[in-house]
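Here is the structure we will look at.
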Amino acid sequence: MFSENLNRVVSAIAVCIILVCGTAVGIYFYYFAPEYSRVGYQPIQRLSFSHKTHVGELKIDCRYCHYLAEQSWYAGLPEPSICMNCHNQVLTRDARLDLARLSALDQTPIFYTRIHRLPDYVWFSHSVHTRRGVACAACHGDVQNMPATFQAKSLSMKFCLDCHRNPAPYIVPLEEVANPIKKQNHTNLVKQWYIKTGDECSQCHR
Amino acid sequence: MSELSRRDFLKLASAAGVLLPLGLCGCRRPEELVAPFSKPVSDAMPGEPLYYATAMQSRMSALPLIVKTVDYHPIKIEPNPKYQPGCGSNRFAQAAIYSLYDPLRSGRFLKYHSNTSSQINDSDLRSILSELLQRVEKTRGESLCILTDQSASPSRERLLGEILSKYPRTLWFEYEPIDLDLPNRALSQFFGEDVTAIYNFKDANVILSLDCDFLDSEEDSVFNARQFAEGRTPPQMNRLYSVEASLSLTGANADHRLAVKSTSIQAIAAAIALIIFQSKNFSDKILLDKLKELSSLNSNYIHWIQACADDLLAAAQNQNKKPLVVCGYRQPVVVHLIALAINAALNSIGKTLLIKKRERLSKPHGSIEELAALLNQTTVNTLIICGCNPAYHAPSKIDWDNLRRNSETIIRLGLYEDETSTQSNFHIPLKHFLEHWADARHSNGTLFCVQPVIQPIWQSLSELEFFAYLAGYTQTSDYNIVRQTFKSLTGGNDDDWQTFLRNGFSTESEWKDFNRQFDFIKFSEFIKNSKPAEPQTPLEINFYRSPAIDDGRYFTNAWLQESPDPITKIVWDNPALISPQTASKLGLTSNSNKTFQTRTSVNCAPVKIKFNGRSLEIPLLIQPGIAEDVIALTVGYGRHLNSEFGKLNFNIGTNVLTLKTDRGYFAGGCELVLTPRAPITLARAQGNDTNPDEDIIIQCDNSRLQTEPDFVKKVVLKGTEKHRLQKENRPLYKSPELAGEHQWGLIIDLNRCIGCGACVIACRSENNIPIVGKEQILRGREMDWLRIDRYFYQDANLKVRFQPLMCMQCETAPCEYVCPVNATVHNSEGLNLMVYNRCIGARYCMNNCPYRVRRFNYFDYNRRMVEELFTSTDADNPVTAFLNKFIGRKNPTAPQELFALARNPSVTVRMRGVAEKCTYCIHRIQEQSANKKVIAGDSPPGQIEDGAIKTACQQACPTDAIVFGNLADPNSRVSQLLKNNRNYPLLGYLNTKPRTTYLAKITNPNPILNSDTNT
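Protein chains in written order, with the working numbering: chain A, 1 to 206; chain B, 1 to 1015.
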C-alpha cells in the first residue's frame, strides 16, 4: 500500500526527532545550568564599590563590613555608617561616595543589585559555615581581585553537595576563614571538629 | 486589508517560529535589589529571632505570653515559661497573630453621616477630641457616658478612675455578653467585699463541676487545665464529676458526667449540699429544709448524686488533698453560693479554693441595663463606646437600636468597623494588643506587661491613649502611663521595671488572702428567698461561648473560624445542637439521614426555634452527649462587618443572640419547628466516629492499671495477633540506617490531653499552613498537619476520647517507598523528610499512609485573598461578589501581601500541587543544631540538651501532654516516658515503627458508679 521509501522517511523523521530533542536537552543542561547562566553575573551597581581596593589592597577583613556573617544566617550589607567610619577622613568629597554620604545623613536607602542568590526553598546560614571553617572565598571566589563583584561559583546544588559530601578540601582553621584559599586538605580538622558529612535533604530543605 | 492567504499565514508562522528563540535571547535574569539598613541596629540581630514578653487580656484575667519577632514583626505567640503557675496557651492566644495582620481590621478614622461615611485625618480627630474635652471640662462630665468591655488592665482602671474623679458626673458602664466574672461577683455579693476565687486543682482529689467548663471556656482555663492534668498522673489521680447540659471539654474529660438541663443543676447542687450538710450534722433546720425544697426535682439522678456526695465527703478526710466544687458562669448566683457552701463544709476553702481580696483601682457604675435605664429617662450628650459592641450583643429586651438615639454623639473605639460603628458618629480604630503598651492583671493579681512588638499597621489609637487624653494627659504616652501604674502597684524602681519587662510579670501586686470564715447563717439568709427551678416546658434553650470565636470578637479570624469545635468538629458555622433522643422524640432524624454525607460534610435540617415571641432559623445538628430536651446554641456568629474593601458578605453562621433576651444563659419554654427547606450542608473536620478498635486509643481504669501493669502491652499484643497478615510479622520495608547522634521521638500523653486544639493553631502559625475555607473542607481538603481525632464510645455512658495525630515519622515509612521522585526520604536522625521542591504531587504517599496525616495543596491557598474566605460562594450573587472584591478597595496593600508578614521565614510556603506534612518542626531542630555549631566553632558541637528544642505543638500545649526529645539519650524525658508501662504505638501491628507513640488514657471512675449501668 505504501511505497518502501516511506520506511526510510519514517526512520529519518524518528532520527530527526531524537536529534532535535537531544539537542534541546543538551542545550538546556548546558546553557540553563547555573554553571553557565549564573557564573560571571556582574551587574552594574548604583554605588560602585571595589572589593579589589578594599580587600585586595587595603586588606580590610571581610567581617569588618559584613559583620553579621558570623552571627546571623545572612552576612549583611554594611550600613553607610560603616563606610563613613573611614570615609569621613578619606575621600570626603569623592562623587562616587555621594550615595553613601546621603544615606548616612538622611537614611535614603542604597540599593544594590543582588548577585548571589539561592532559591527560596534553600536555607543557608552564613554563621554556621563561617564559624565551622568554610572560607568566604569557597563560595564567593577571589573577591579581593574583583574591581566589580561578580558571581564566581555556580552555587548549584551540586556545588553545595560537593563540599557537604567531602568537606576536607574546603575547611580551613577558623583564623583563616576570611583569607584567600590555599590548596590544602584538612582531613584532620573534619575529624577533630566532628563535622557532619553527608547529603541529607533536611540540612538545606525544610 | 485582504484576507490572509493560507500560504502567507504559514510563511508568517514559520518566520515567527524562527524568530522566537531570538526573542528569548533578550531574556535576562530578573534584577533583584537589596539594601542595607540605613542606620545601625542596636537591639536586635537582623535575621535572627527576638523575643518579647507580653500578655493577652481575657476579660478579667490575662495570659502571659512570649512573642517571637523576626526582623521587627511578630510571627509567633508562645507561652511564657517563666510564669510558673502554668505555662501554656490557648487557641485565642495562638491566633492573635492572625488578628494582628487581619486585612479586615479597621484602619481609618471615620465620621458617619446619615447614610455614608467619610475618612477623617489625624488633625480632624484631634479637633473633635479637644472639642469633646472642652465640653466635658465645662460641664464636669455632665451627660458623658462611657460604655466599655471588661478589662484586666489596671492602667485603664486608673485612668477611668481619674476621669470619674475629675469629672464626677461622668458615668461608666461595663458590659460583656459572656460574663466570665460572674462567679467572682456572686462571691463578692455574699461576702460584701470585692473578692475573687482562684482554684487550686493541683491539690484537689475529687472535683465536682457544676456547669463549669474550667478546662476551656471559663476564665484562666490554661492554668486550670495545667493543674488539673498535673493531678492526673497515675497512680495518684483526681476524680472529676461533671454536671452539664451541653457537652463541654470538661464534661468530655470527666470520669463521671451527668447530662441534665441547665435549670436542674441548681437542684442537683442543692441535693449534694443537703447530703453533705446532713452527714456533717448541721443543725440549722431552716437551711436543710430550704435545700430540701430546692432539690425537689432530681429523683432520677439520686444514685449519682449520693455517690458523688459520698465521694466528696470521703475525699475531705484526706490530709493533704481536698475536694473542690466549681460552678460555671452560666449558673445563677444561688448555685455559686451553694457550691461555696459545699466547699466550706468540706474544708476546701484555703486549700483548693483560694479566696482573695480584689482591689480594683476603680469600678464601673453599672452595666448595660443601667445605661439603658438612663437612656430611657434622659438624653445623653456623648456616649463613648470602647470595645463593647452593644448593637450586636446587647440583650434583646433592651431596645438598643432605639435607645442609642437618645445619645447625641456616639464615639466608638473598636478593632473592626462593626455593627456598633455604623450606628455611631465617629469610629476610631483600636490598636491590636501587639501594637501598644498596656498592662494586665491575672485573676490572682499578678501584673503582666503588654509590650508593643510592631509599629501600628493602621491609623489607630490604643485604649490607654484615648482615656489618658480624656483624663487630661494630652501629652503623655501610653508607655509612661503603664510605667506609672507599675510603680504605684509594685513600688518598683527603674531596675525592677526592666526586670518586669524582661520577665513579663511581677508577683508583687498579687491580691492578699481574704481570711473570712464562711458564715452558714448568712448563707441560710441568702438562699432563703430563692425558689426551686420551675418545672419546665419541654425544650430548654442554652447559650454558650463559642470555642472558636468567643463572643464574636474573633469573627474575622480565619485561623479560629477553621479551628474545629473540640466536640462537634464543625468549622465555619454554629448549628443548634440537640441530642439524638430528643431529635427522635421530636421526629427530626428522618430527614437528614436520607441525603448523602461525606467524611467532612454533614447535612443538617433547618429548623425554626421559637422563643419568647421571637424566632430564628438555624441548621440543627444531632450531637450525642447533649442532655435531653436541651437545645445548645453558640453565640458570636452571623455578624455584619464593614471593611475598607467594602461590605463583605458574611454568611457565616447564625446570630443566635437575637433570641437572648436578658443576662441569663438558659431558659425553658422554647419551641422547635422543622422547616420544609432542603438540608443545609455544614463542614466538619471529622465525623461522629464511634467505638474505634480498642488498640487505637488504649484506655483502662486506674485501679486496673495498678493491678495489671502490663495491661497496655497486652492490648497491643492482642491487636497484633488480630491483624497479623502473615505468619512472620516481618516489616514490609527495609529499615533505614539510623546513625545520627540524635534520634528524635515524640510522645503524646492521652491522659493529659484535654482536646482543646491550641496545638492545631500553633502548628498552623509555625508552619505556614494555609486556611482553605468552608467549601474546600467540604471536599475533604483540610490542610492541618496536626489534627485532634475525637471518638465517642457509645456504651451505657457516653465517653469521649481525644487523640492528637500528626506524622508519626515511621522508621519504615510506607510513604517513602511509593514516592516516584524520592521527595520523601529518611534522614539519619529518624525523621521522615519532605522535600517540597522535589515533590511532583503524585499523591501516592498520601494513599499509602495508614495514619492519613499527609495533606495536599490543591490550590495556591497561600496566595488566596483572605477576605475571599468570608464570602460564601453558593448563595452569593457573582456580580456583587466581584464588586466586593475589586471595587472600593482604597488601600494599596493587597491583603495577602500584609499577611505575608505573619509567615514563618524558617519554613517553606508551599505552593500548589505539593504534598506536605509534619516533620517535627525540623526548622527548630536545624536552628538549634546550627546554634550549637556556631557556639562550638573549632570544637565538637556535642549533643543538643534535652528540652532545648520544643515543637510548636508541645510549646502551645497547656497541659504538657506532648513531649519531644532525643531517644538516643537514655536520660531525656522522652526516653523515660518510652519506658512507661502506658506507652504504645498507634497501629503498631503494621510494623511501621512510628517514632511518635502514645501513653494510654487512664480514667479514675468511682467503683460504686462504675458497676452500675444506669447512670
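Every residue gets a Cβ at the ideal spot worked out from N, C-alpha and C, and that includes glycine. For clarity, every value in this text was computed on a predicted model and none was experimentally measured.
- For Phe-37 (chain B), the secondary structure class from DSSP, reduced to helix, strand or coil, is coil.
- Residue environment: Leu-91 (chain A) is assigned as exposed (fewer than 16 neighbouring CB atoms within 10 Å of its CB, all protein chains considered).
- Taking 9 Å as the cut-off between beta carbons, the residues of the segment 834 to 850 of chain B near chain A are Met-834, Val-835, Tyr-836, Asn-837 and Arg-838, in sequence order.
- Shown here for Gly-552 (chain B): same chain residues with a beta carbon closer than 6 Å to its own, the five before and five after excluded, namely Gly-636 and Arg-639 in chain order.
- The alpha carbon of Pro-575 (chain B) has as its nearest neighbour, out of B:Arg-982, B:Cys-604 and B:Glu-671, the alpha carbon of B:Cys-604.
- Rounded to whole angstroms, Pro-78 (chain A) and His-66 (chain A) show a C-alpha spacing of 6 Å.
- With respect to chain B, the C-beta atom of Leu-77 (chain A) has a partner C-beta closer than 8 Å.
- Two segments are said to touch when three or more pairs of C-beta atoms, one from each, lie closer than 8 Å; by this definition the segment 249 to 265 of chain B does not touch the segment 274 to 284 of chain B.
- Taking 8 Å as the cut-off, the beta carbon of Val-715 (chain B) is found closer than this to the beta carbon of Ile-698 (chain B).
- When the beta-carbon positions are compared, Leu-489 (chain B) and Glu-157 (chain B) stay at least 8 Å from each other.
- For Ser-127 (chain A), the enclosing alpha helix (DSSP H) begins and ends at 126 to 131.
- Cα atoms of Gly-107 (chain B) and Asp-439 (chain B): separation of roughly 23 Å, rounded to the nearest angstrom.
- Ranking B:Pro-538, B:Ser-118, B:Asn-1006 and B:Glu-244 by CA distance to the CA of Tyr-544 (chain B) puts B:Glu-244 first.
- The shortest C-alpha to C-alpha distance from Ala-44 (chain B) to any of B:Val-334, B:Arg-140, B:Ile-398 and B:Val-453 is the one to B:Val-453.
- Residues of the segment 818 to 831 of chain B with a C-beta atom less than 7 Å from some C-beta of chain A are Val-825, Asn-827, Ser-828 and Leu-831, listed in chain order.
- Contact annotation for Arg-663 (chain B) against chain A: no contact, minimum CB-CB distance about 51 Å [criterion: below 9 Å].
- In the DSSP assignment, Pro-323 (chain B) falls within the unbroken beta strand (DSSP E) covering 322 to 327.
- Distance from Ser-209 (chain B) to Tyr-241 (chain B) at the Cβ level is roughly 7 Å; contact confirmed, criterion being Cβ atoms closer than 8 Å.
- Annotation: the continuous alpha helix (DSSP H) that includes His-140 (chain A) extends over 136 to 140.
- Across the segment 923 to 940 of chain B, CB contacts with chain A closer than 7 Å involve His-923, Gln-926, Ala-930, Lys-933, Val-934, Gly-937, Asp-938, Ser-939 and Pro-940, in sequence order along the chain.
- Within the segment 737 to 769 of chain B, no residue places its CB atom closer than 7 Å to a CB of chain A.
- Judged by their CB atoms, Thr-690 (chain B) and Tyr-851 (chain B) are not nearer to each other than the 8 Å cut-off.
- Here Arg-863 (chain B) is not bridged, per DSSP, to any residue.
- When CB distances to chain B are screened at a threshold of 9 Å, the residues of the segment 78 to 109 of chain A falling below it are Pro-78, Glu-79, Pro-80, Ser-81, Ile-82, Ser-103, Ala-104, Asp-106, Gln-107, Thr-108 and Pro-109, in chain order.
- Among the residues facing chain B, His-54 (chain A) is not included, as its CB has no counterpart in that chain under 8 Å away.
- Contact between Tyr-121 (chain A) and Asn-837 (chain B) holds, since their C-beta atoms are separated by about 4 Å, short of 8 Å.
- In this structure, the CA atom of Leu-577 (chain B) is about 12 Å from the CA atom of Ser-248 (chain B).
- Following the DSSP letters along the chain, one finds Pro-103 (chain B) in no alpha helix (DSSP H), marked with neither H nor E.
- Comparing alpha carbon positions, the residue from B:Ser-348, B:Glu-737 and B:Val-335 closest to Gln-319 (chain B) is B:Ser-348.
- Using a Cβ-Cβ cut-off of 9 Å, Pro-619 (chain B) is close to nothing in chain A; its nearest Cβ partner there is about 41 Å away.
- With a cut-off of 8 Å on Cβ pairs, the segment 187 to 197 of chain A is in contact with the segment 933 to 940 of chain B, counting three or more such pairs.
- For Gly-76 (chain A), the closest alpha carbon among the candidates A:Cys-83, A:Val-20 and A:Leu-68 is that of A:Leu-68.
- In this model, His-129 (chain A) and Tyr-36 (chain A) are separated by some 25 Å (Cα to Cα).
- For Gln-94 (chain B), the uninterrupted alpha helix (DSSP H) segment begins and ends at 91 to 94.
- For Tyr-637 (chain B), no alpha helix (DSSP H) encloses it, and the DSSP letter there is neither H nor E.
- Rounded to whole angstroms, the separation of the alpha carbons of Val-760 (chain B) and Cys-953 (chain B) is 7 Å.
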